[in-house]
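Undergrad:
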Amino acid sequence: MEGGQTAAGSYAGKVCVLVGASNPVGFCLAQSFLETGYRVAVGDLDPSDFSSLTAVSGTNLFPVKVNLNRDVYVNSMVDQVYLRWSRVDILVNIAFRRRECADPLSATDLGLDAVSNLIRVTSAFGSRLQGEELAVVNIAWFDEKTLLEADREAVLQAALRTTTSAMAKKYIDTGLRINAVHTRNARSTSCVQSETLRTLVQAVQFLASPELSGKLTGNVLDIDLKPDDSPFRG
43 MEGGQTAAGS YAGKVCVLVG ASNPVGFCLA QSFLETGYRV AVGDLDPSDF SSLTAVSGTN
103 LFPVKVNLNR DVYVNSMVDQ VYLRWSRVDI LVNIAFRRRE CADPLSATDL GLDAVSNLIR
163 VTSAFGSRLQ GEELAVVNIA WFDEKTLLEA DREAVLQAAL RTTTSAMAKK YIDTGLRINA
223 VHTRNARSTS CVQSETLRTL VQAVQFLASP ELSGKLTGNV LDIDLKPDDS PFRG
(Lines of atoms letter the chains of each structure in order from A and count residues from 1; the text may use other names and numbers.)
(Lines give C-alpha, C1' and ligand atoms only; values in the text may rest on other atoms or scores of the structure.)
Protein backbone atom coordinates (compact mmCIF):
# COMPACT_ATOMS: atom_id res chain seq x y z
CA MET A 1 0.00 0.00 0.00
CA GLU A 2 1.40 3.37 -1.02
CA GLY A 3 0.64 5.13 2.29
CA GLY A 4 2.29 2.33 4.25
CA GLN A 5 5.41 2.53 2.09
CA THR A 6 5.66 6.27 2.68
CA ALA A 7 5.32 5.82 6.43
CA ALA A 8 7.86 3.03 6.48
CA GLY A 9 10.33 5.13 4.54
CA SER A 10 10.00 8.11 6.89
CA TYR A 11 10.67 6.02 10.02
CA ALA A 12 13.28 3.66 8.60
CA GLY A 13 16.18 3.29 11.01
CA LYS A 14 14.26 4.51 14.06
CA VAL A 15 14.01 2.23 17.08
CA CYS A 16 11.05 1.45 19.32
CA VAL A 17 11.50 -0.48 22.58
CA LEU A 18 8.50 -2.24 24.14
CA VAL A 19 8.96 -3.53 27.69
CA GLY A 20 6.44 -5.76 29.44
CA ALA A 21 5.45 -6.68 25.90
CA SER A 22 4.48 -10.35 26.06
CA ASN A 23 0.71 -9.80 25.82
CA PRO A 24 -1.84 -8.81 23.14
CA VAL A 25 -1.08 -5.11 23.71
CA GLY A 26 2.65 -5.56 23.12
CA PHE A 27 2.12 -7.84 20.13
CA CYS A 28 -0.19 -5.34 18.38
CA LEU A 29 2.19 -2.46 19.09
CA ALA A 30 5.20 -4.42 17.82
CA GLN A 31 3.36 -5.36 14.64
CA SER A 32 2.20 -1.77 14.09
CA PHE A 33 5.64 -0.18 14.58
CA LEU A 34 7.29 -2.78 12.36
CA GLU A 35 4.77 -2.04 9.62
CA THR A 36 5.60 1.68 9.77
CA GLY A 37 9.32 1.04 9.34
CA TYR A 38 10.65 0.97 12.90
CA ARG A 39 13.11 -1.54 14.26
CA VAL A 40 11.52 -2.97 17.40
CA ALA A 41 12.99 -4.49 20.57
CA VAL A 42 10.53 -6.39 22.76
CA GLY A 43 11.40 -7.20 26.36
CA ASP A 44 9.61 -9.60 28.70
CA LEU A 45 10.15 -12.78 30.67
CA ASP A 46 8.96 -14.80 27.67
CA PRO A 47 9.80 -13.03 24.38
CA SER A 48 9.27 -16.30 22.51
CA ASP A 49 5.68 -15.12 22.07
CA PHE A 50 7.01 -13.00 19.21
CA SER A 51 8.39 -15.89 17.16
CA SER A 52 5.72 -15.44 14.49
CA LEU A 53 6.72 -11.79 14.02
CA THR A 54 10.42 -12.67 13.99
CA ALA A 55 9.85 -14.99 11.06
CA VAL A 56 8.35 -12.12 9.07
CA SER A 57 10.45 -9.17 10.29
CA GLY A 58 13.87 -10.80 10.54
CA THR A 59 16.53 -8.59 12.11
CA ASN A 60 14.10 -5.66 12.52
CA LEU A 61 12.64 -7.42 15.57
CA PHE A 62 14.84 -8.05 18.60
CA PRO A 63 13.29 -10.16 21.42
CA VAL A 64 15.06 -9.80 24.78
CA LYS A 65 14.36 -11.83 27.89
CA VAL A 66 14.20 -9.40 30.83
CA ASN A 67 12.89 -9.27 34.40
CA LEU A 68 11.55 -5.73 34.74
CA ASN A 69 11.57 -5.93 38.53
CA ARG A 70 15.37 -5.90 38.72
CA ASP A 71 17.57 -2.97 37.72
CA VAL A 72 20.42 -5.22 36.62
CA TYR A 73 18.25 -6.98 34.04
CA VAL A 74 16.74 -3.76 32.73
CA ASN A 75 20.23 -2.25 32.37
CA SER A 76 21.34 -5.38 30.52
CA MET A 77 18.48 -4.92 28.04
CA VAL A 78 19.52 -1.28 27.52
CA ASP A 79 23.07 -2.41 26.77
CA GLN A 80 21.86 -5.05 24.29
CA VAL A 81 19.59 -2.63 22.41
CA TYR A 82 22.26 0.09 22.13
CA LEU A 83 24.89 -2.45 21.13
CA ARG A 84 22.62 -3.66 18.34
CA TRP A 85 21.17 -0.35 17.06
CA SER A 86 22.98 2.51 18.89
CA ARG A 87 19.77 4.48 19.47
CA VAL A 88 16.25 4.44 20.93
CA ASP A 89 13.52 6.79 19.72
CA ILE A 90 10.41 5.43 21.43
CA LEU A 91 10.12 3.62 24.76
CA VAL A 92 6.80 2.01 25.70
CA ASN A 93 6.27 0.53 29.17
CA ILE A 94 3.28 -1.84 29.35
CA ALA A 95 1.66 -2.76 32.66
CA PHE A 96 -0.89 -5.47 31.91
CA ARG A 97 -3.29 -7.56 34.01
CA ARG A 98 -5.03 -10.57 32.51
CA ARG A 99 -8.60 -11.48 33.38
CA GLU A 100 -7.57 -14.58 35.33
CA CYS A 101 -5.46 -12.34 37.61
CA ALA A 102 -8.40 -10.07 38.45
CA ASP A 103 -8.71 -10.13 42.24
CA PRO A 104 -9.11 -7.37 44.87
CA LEU A 105 -5.37 -6.61 44.68
CA SER A 106 -5.10 -6.48 40.91
CA ALA A 107 -5.80 -2.77 40.55
CA THR A 108 -3.20 -1.97 43.20
CA ASP A 109 -0.68 -4.34 41.63
CA LEU A 110 -1.31 -2.88 38.19
CA GLY A 111 -0.74 0.64 39.50
CA LEU A 112 2.49 -0.39 41.22
CA ASP A 113 3.75 -2.10 38.06
CA ALA A 114 2.84 0.88 35.89
CA VAL A 115 4.63 3.27 38.25
CA SER A 116 7.69 1.29 39.37
CA ASN A 117 8.51 -0.16 35.96
CA LEU A 118 8.08 3.22 34.28
CA ILE A 119 10.55 4.79 36.70
CA ARG A 120 13.02 1.92 36.31
CA VAL A 121 13.04 1.66 32.51
CA THR A 122 12.89 5.41 31.91
CA SER A 123 15.90 5.98 34.15
CA ALA A 124 17.84 3.16 32.48
CA PHE A 125 17.18 4.22 28.89
CA GLY A 126 17.22 7.95 29.62
CA SER A 127 20.72 7.72 31.06
CA ARG A 128 22.00 6.80 27.59
CA LEU A 129 20.57 9.83 25.77
CA GLN A 130 23.05 12.06 23.99
CA GLY A 131 21.03 15.08 22.96
CA GLU A 132 18.34 13.23 21.02
CA GLU A 133 14.70 13.06 22.11
CA LEU A 134 13.14 9.95 23.60
CA ALA A 135 9.35 9.66 23.61
CA VAL A 136 8.18 7.54 26.56
CA VAL A 137 4.65 6.15 26.72
CA ASN A 138 3.34 4.27 29.76
CA ILE A 139 0.38 1.89 29.29
CA ALA A 140 -1.88 0.49 32.02
CA TRP A 141 -4.27 -2.11 30.60
CA PHE A 142 -6.78 -3.94 32.78
CA ASP A 143 -8.12 -6.95 30.91
CA GLU A 144 -11.56 -7.81 32.25
CA LYS A 145 -15.20 -7.30 31.40
CA THR A 146 -16.49 -5.54 34.49
CA LEU A 147 -15.31 -2.20 35.79
CA LEU A 148 -13.16 -1.98 38.88
CA GLU A 149 -14.69 -0.68 42.05
CA ALA A 150 -14.86 3.10 41.87
CA ASP A 151 -12.38 3.68 44.69
CA ARG A 152 -9.77 1.32 43.19
CA GLU A 153 -10.26 2.85 39.76
CA ALA A 154 -9.75 6.33 41.21
CA VAL A 155 -6.56 5.28 43.00
CA LEU A 156 -5.13 3.70 39.84
CA GLN A 157 -5.88 6.77 37.71
CA ALA A 158 -4.48 9.12 40.34
CA ALA A 159 -1.25 7.09 40.56
CA LEU A 160 -0.79 7.19 36.80
CA ARG A 161 -1.51 10.90 36.49
CA THR A 162 0.66 11.89 39.45
CA THR A 163 3.63 9.77 38.36
CA THR A 164 3.40 10.80 34.71
CA SER A 165 3.23 14.48 35.62
CA ALA A 166 6.07 14.27 38.15
CA MET A 167 8.39 12.37 35.80
CA ALA A 168 7.60 14.69 32.89
CA LYS A 169 8.68 17.64 35.03
CA LYS A 170 11.79 15.81 36.22
CA TYR A 171 12.99 15.05 32.69
CA ILE A 172 11.65 18.11 30.88
CA ASP A 173 15.14 19.49 30.13
CA THR A 174 16.72 16.16 29.16
CA GLY A 175 15.02 15.31 25.87
CA LEU A 176 12.41 12.94 27.28
CA ARG A 177 8.69 13.37 26.66
CA ILE A 178 6.66 11.21 29.04
CA ASN A 179 2.96 10.48 28.52
CA ALA A 180 0.61 7.64 29.46
CA VAL A 181 -2.40 5.68 28.24
CA HIS A 182 -4.90 4.01 30.56
CA THR A 183 -7.62 1.63 29.40
CA ARG A 184 -10.09 -0.56 31.24
CA ASN A 185 -13.24 -2.61 30.82
CA ALA A 186 -11.72 -4.31 27.77
CA ARG A 187 -10.96 -7.82 26.62
CA SER A 188 -7.60 -8.57 25.04
CA THR A 189 -8.20 -10.13 21.64
CA SER A 190 -6.51 -9.51 18.32
CA CYS A 191 -6.09 -6.04 16.85
CA VAL A 192 -8.55 -6.99 14.13
CA GLN A 193 -11.23 -7.93 16.66
CA SER A 194 -10.65 -5.26 19.31
CA GLU A 195 -11.63 -1.64 18.74
CA THR A 196 -9.98 -0.75 22.04
CA LEU A 197 -6.65 -2.28 21.00
CA ARG A 198 -6.72 -0.47 17.66
CA THR A 199 -7.49 2.80 19.44
CA LEU A 200 -4.69 2.18 21.95
CA VAL A 201 -2.16 1.62 19.15
CA GLN A 202 -3.25 4.88 17.52
CA ALA A 203 -2.96 6.70 20.86
CA VAL A 204 0.60 5.42 21.44
CA GLN A 205 1.64 6.35 17.91
CA PHE A 206 0.18 9.83 18.42
CA LEU A 207 1.93 10.39 21.76
CA ALA A 208 5.24 9.08 20.37
CA SER A 209 5.06 10.98 17.10
CA PRO A 210 8.28 12.87 16.27
CA GLU A 211 6.10 15.71 15.00
CA LEU A 212 5.22 16.39 18.65
CA SER A 213 8.88 16.83 19.61
CA GLY A 214 9.06 18.99 22.72
CA LYS A 215 5.35 19.80 22.57
CA LEU A 216 3.44 17.21 24.59
CA THR A 217 4.50 15.72 27.91
CA GLY A 218 2.94 14.83 31.26
CA ASN A 219 -0.44 13.77 29.85
CA VAL A 220 -2.62 10.70 30.41
CA LEU A 221 -5.07 9.56 27.72
CA ASP A 222 -7.94 7.55 29.16
CA ILE A 223 -9.37 5.11 26.59
CA ASP A 224 -12.85 3.89 27.42
CA LEU A 225 -14.86 3.00 24.32
CA LYS A 226 -18.59 3.50 24.75
CA PRO A 227 -21.57 3.28 22.41
CA ASP A 228 -21.15 6.98 21.58
CA ASP A 229 -17.80 6.06 19.88
CA SER A 230 -15.88 8.64 21.91
CA PRO A 231 -12.65 6.79 22.86
CA PHE A 232 -10.78 9.51 24.76
CA ARG A 233 -11.98 10.80 28.07
CA GLY A 234 -10.58 12.68 31.01
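Residue numbers (the numbering used here): 43 to 276. By construction, the Cβ of each residue, glycine as well, lies at the ideal position given by its N, Cα and C atoms. All of these numbers come straight from a predicted model, not from anything done at the bench.
1. Check Thr-216 in the structure and name its three-state DSSP category.
2. Distance, Cα to Cα, Thr-238 vs Leu-198?
3. Going by the beta-carbon positions, is the gap between Ser-64 and Asp-88 smaller than 8 Å?
4. Identify whether Cys-58 lies in helix, strand or coil by the three-state DSSP scheme.
5. Looking only at its chain, what residues have a beta carbon closer than 6 Å to the beta carbon of Met-209, apart from the 5 residues adjacent to it on each side?
6. Looking only at C-alpha atoms, which of Leu-242, Ser-169, Ser-99, Tyr-115 sits nearest to Val-130?
7. For Ala-245, which of helix, strand or coil comes out of DSSP?
8. Among Pro-105, Ala-156, Glu-175, Tyr-124, which residue has its Cα nearest to the Cα of Asp-86?
9. Looking only at its own chain, which residues have a Cβ that is under 6 Å from the Cβ of Ser-207, when we skip the five neighbours before and after it?
10. Roughly how many angstroms lie between the CA atoms of Asp-264 and Thr-225, to the nearest whole one?
11. Please state the DSSP three-state secondary structure of Lys-187.
12. Quick check on this structure: which residue in Ala-72, Lys-107, Ala-54 has the alpha carbon closest to the alpha carbon of Ser-94?
13. To the nearest angstrom, how far is the alpha carbon of Asp-113 from that of Arg-240?
14. Can you tell which of Val-67, Phe-92, Leu-103 has the C-alpha that lies nearest to the C-alpha of Gly-79?
15. Under a three-way DSSP split, which group does Asp-155 fall into?
16. For the candidate residues Tyr-124, Ile-214, Ala-156, Asn-180, whose alpha-carbon lies nearest to that of Lys-56?
17. Within the continuous alpha helix (DSSP H) that includes Pro-66, where are the two ends?
TA: Considering the structure as presented:
1. Three-state DSSP puts Thr-216 in coil, outside helix and strand.
2. 19 Å
3. yes
4. strand
5. Ile-220
6. Ser-169
7. helix
8. Pro-105
9. Gly-260
10. 6 Å
11. Annotation note: pLDDT 47 at Lys-187 (below 50); position unreliable, no value reported.
12. Ala-72
13. 32 Å
14. Leu-103
15. helix
16. Tyr-124
17. Unbroken alpha helix (DSSP H) run through Pro-66: 66-77.
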